[in-house]
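I have placed the structure first, in the form of C-alpha cells, so that the comments after it can refer back to it.
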C-alpha cells in the first residue's frame, strides 16, 4: 500500500530549518495495523500528514498504491483523499453546526454520491458505530466518545482503503478509550482496512500488528508482534 | 441541498455577526436607494419645471439675447417708450417724440427680456441635422400704466403697472412650446385656423383671478381677444397667462419700440433623439452665436430656489454619503468575514482532509457571504422604500425660479439735479413642485448589484485566505 523511500520533511522557522522527518523509509502493506509512538514534536503527526497527502515531503517519495503523492497535482491528491483515505483526529474535528449525520454526510460530498445513496450510507455508518439514535444531534450535544465515534463513522462512510488516526483516544477517559479502540479494531478486522494509528499510549500500541517509534524524525519499526490483534488478523 | 443546510446552519451560528454585517450593508444600500429615489424625484421635479416653462417635448429652447436697457438720461434715441419726469412735468416719449403723460394710460406689449430673432432663423434651424421639429414663439408682457394727474409733484407715488404674460403661439406647431404642457379645462385650444384671429386661451389661475371664462374678453394693447379656452398648466407658478396666435402677437408686440412683425424671441426645438440634443445645441449656437441656446440640462443649472438646493443636496452630499457608508459597510463585512474564516481554519482544514476541493469550500464561504449580502440588500431596499416614503411625506414643495426682467423700463427723476429713479417690472418664472422620492427600477437593480458585490467582496477576502490554506497547517491550529 505505502512505500516511503528516504522521506525528509523540513520546516523553516525563521532562519532555522527544522527536520520533522529525516531519511525515513518504510513499507506498509494492505490491511496492516501500524501503531506509531513517540514523544511530542518528534514527527509523528508530520508523518501522518505525509501519508494522508496533507503535506508533501521535502525530499524522497511517499507512494500510495504506486502513486507518488509528492508528485501528484493538488486536485489528484484531493481526489485520492476523498476516495481512499480516512482521517480520525484527536479533537474529533466535527463541524459544530452540522448534526452527527450531516458530519458523516460531509465525507460523501466530494464523491458526488446522490442524496438517497448518501442517506443510506450515512445511516449504515452511524449504525456501525452504534450512533443511529444520535444522528440528528449536534456535536455539542454528544459526549466525547460519541463525537469520536461520529468521526470514525465519517472516516469510514466512504469505505476508504486506509484509516489514519492521530491520537484518537487522546481526549477520552479510560473507559471511552477502550470503547473506541475496540471499535477501531473491530472495524479494522471486518473491513480489511490498513490502519495507521499514532498514540502515546503503549497499551493501545501493543494491540497493533506493528509498532514504530518516532524519535527525532526517524522511525524504528519492530516486526509484527505475535499474539496481537494484528497477528490474529493475519 | 447539503450546501444550503451547511450555509443555513453556519449563518445561524454566526447570527449576531451576520445580522451586523447585513445591517451595515442594509444601511449603505438603503442610503443608495433613498438618495437615488430622491435624485429621481428631483429630476422628475426638474423635468416638470422645465416642461411647465417650455412645454412638453421641447429639447432645446433658443431665446434672443437680453436687450440693452436704456440708461437714464439716454432719452428715447433708440425708439423705446419711456416715461420721464422733468422740469416740464411728466412726459411719455415714443420714438423721440414726447408729450404730456399726466392722466394718460400707457398699454404696451413688449419683449424687453429677449431681443427679437428673425423668423427666417426658425426655418434655418429646421434645416439643421437631427432636428425633428421647430416652432417659434413670442414671450411678451402686456404692461399698462395709468399716470396720475398730479404725478411729478413732490411726494407723489410712482404709478403701479399692471402686467401679465402673453405668449404668442405658432398655431401650426401646437405640440411645441408652453401651451403643449397644459390641459384644456374649458373650451378649446388654439388651432391652425386661428392664426390671424383675435382669440386667446387663458391660464386657469389667471382666469380664476380675473373671473374669465370661455367667451370673456381680454384686452391686449387695447385690442379685444375672445377667450376660447382655459388651460391648466401641470404646476402652479408663473406660466404664460394668455396665449394668443403668434401672428397677432407679432402684429401687436414691440421690442424697444420696434415692431415684432416677422420676428420671434423664443424658438422651441425637438431633436431626433436625446443623444442628438448636444449636437443640435452646438449647431444652433454656431448658427445664432449671440442668442441663448438652452437645453433641459443647461436650463436646470439656471434654476434657483429650493429645487436646485435639493438637487445639489441629493446629487452631491447624498451621493458621497452613500459611497462613504457603502465603503465602510463593505470594509466591515470583509473584515468580519475574514475573522470568521480565521476562526474556522481547522474546520476548513478538516474538510480539505475529507477531500473537499478548495473551490467547494470557497463556494460555501462565498455562498454564506452572498446570502448575508442578499439579506442586507433586501433590508436595504426596505429601508430605501421607507426613506423615500418619509421624504415624500415630509418634504416641502420645492420652488424653482428663473428670474427675468421684462416690461417697459420706467425712468423718473425728481427734477433738475435730483436723483433719477428707474424700475422695470420683473417677472420671474416660479414653479412650485411637490418633492416625491420614488424608488425606481434602476435603484432596485443598483441595490441588487450592490448586495451581490458586497457579499462577493466580503467573501472573496475570506476565500483568498482559504485558497492559501495548507491543510496540514490548518489542522495543526489549536481550535
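Residue numbers (our numbering), protein chains in the order written: chain A, 6 to 239; chain B, 14 to 492.
We treat Cβ as the ideally placed atom computed from N, Cα and C, and that holds for glycine.
If you're wondering where the values come from, they're calculated on a predicted model, not measured in any experiment.
- When the Cα atoms are used, residue 56(B) and residue 453(B) turn out to be separated by approximately 12 Å.
- Here residue 100(A) has 108 and 111 as same chain residues with Cβ atoms under 7 Å from its own Cβ, once five neighbours each way along the sequence are excluded.
- When rounded, the separation of the alpha-carbon atoms in residue 135(A) and residue 158(A) is 10 Å.
- Listed by position along chain B, the residues whose Cβ is nearer than 9 Å to that of residue 60(A) are 483, 484, 485 and 486.
- Between residue 31(B) and chain A, the shortest Cβ-Cβ separation is not below 7 Å.
- Taking C-beta atoms as the reference points, residue 24(B) and residue 31(B) count as a pair closer than 7 Å.
- For residue 38(A), there is no enclosing alpha helix (DSSP H); the residue is found in the beta strand (DSSP E) stretching over 38-43.
- The segment 57-72 of chain A makes contact with the segment 9-16 of chain A, as at least three CB pairs between them are under 8 Å.
- Any Cβ of chain A closer than 7 Å to the Cβ of residue 390(B) would place that residue at the interface, and such an atom is absent.
- Chain order gives the chain A residues near residue 23(B) as 102, where near means a beta carbon separation below 7 Å.
- Uninterrupted alpha helix (DSSP H) stretches at least 4 residues long and entirely within the segment 200-273 of chain B occur at 217-222 and 259-265, given in chain order.
- In the three-state reduction of the DSSP assignment, residue 54(A) falls in the helix class.
- Across the structure, residue 190(B) and residue 184(B) are spaced so that their CA atoms are roughly 11 Å apart.
- Leaving aside the five residues that flank residue 279(B) on each side, the residues in its chain whose CB is nearer than 6 Å to its CB run, in chain order, 76, 150 and 152.
- Against chain A, the beta carbon of residue 14(B) has neighbours under 9 Å at 120, listed in chain order.
- For residue 160(B), there is no enclosing beta strand (DSSP E), as DSSP gives it neither H nor E.
- Annotated as proximal: residue 354(B) and residue 475(B), with beta-carbon spacing under 7 Å.
- Under the three-state reduction of DSSP output, residue 187(A) falls in the helix class.
- For residue 125(B), the secondary structure class from DSSP, reduced to helix, strand or coil, is coil.
- Here residue 96(A) carries a coil assignment [DSSP, helix/strand/coil].
- Check the Cα spacing between residue 93(A) and each of 172(A), 225(A) and 180(A): the tightest is with 172(A).
- Put simply, the segment 357-368 of chain B does not touch the segment 41-50 of chain B. Fewer than three CB pairs are less than 8 Å apart.
- Listed in chain order, the non-local C-beta contacts of residue 131(A) below 8 Å within the same chain comprise 105, 106, 109, 137, 139, 140, 155 and 158, local neighbours out to five positions each way being set aside.
- Residues of chain B with a Cβ closer than 9 Å to the Cβ of residue 57(A) are, in chain order, 366, 484 and 485.
- The beta carbon of residue 20(B) sits closer than 8 Å to the beta carbons of 377, 380, 381 and 384 from its chain, once the five residues preceding and following it are set aside; these are given in chain order.
- Residues of chain A with a Cβ closer than 7 Å to the Cβ of residue 360(B) are, in chain order, 100.
- Taking a 10 Å sphere around the C-beta of residue 49(A), we find 16 or more other C-beta atoms and assign the residue as buried.
- Taken through DSSP and simplified to helix, strand or coil, residue 31(A) comes out as strand.
- Within the segment 144-168 of chain A, those residues whose Cβ lies closer than 9 Å to any Cβ of chain B are, in chain order, 159, 160 and 163.
- Straight through space, the alpha carbons of residue 165(A) and residue 190(A) are spaced by roughly 15 Å.
- DSSP places residue 365(B) within a helical segment (H, G or I) once states are collapsed to three.
- Under DSSP, residue 171(A) forms a beta bridge with 203(A).
- Boundaries of the beta strand (DSSP E) harbouring residue 181(B): 175-182, taken from the DSSP string.
- Remark: C-beta atoms of residue 241(B) and residue 295(B) do not approach each other more closely than 7 Å.
- Under DSSP, residue 151(A) takes part in no beta bridge, so it has no partner.
- Between the alpha carbons of residue 178(A) and residue 372(B) lies a gap of roughly 38 Å.
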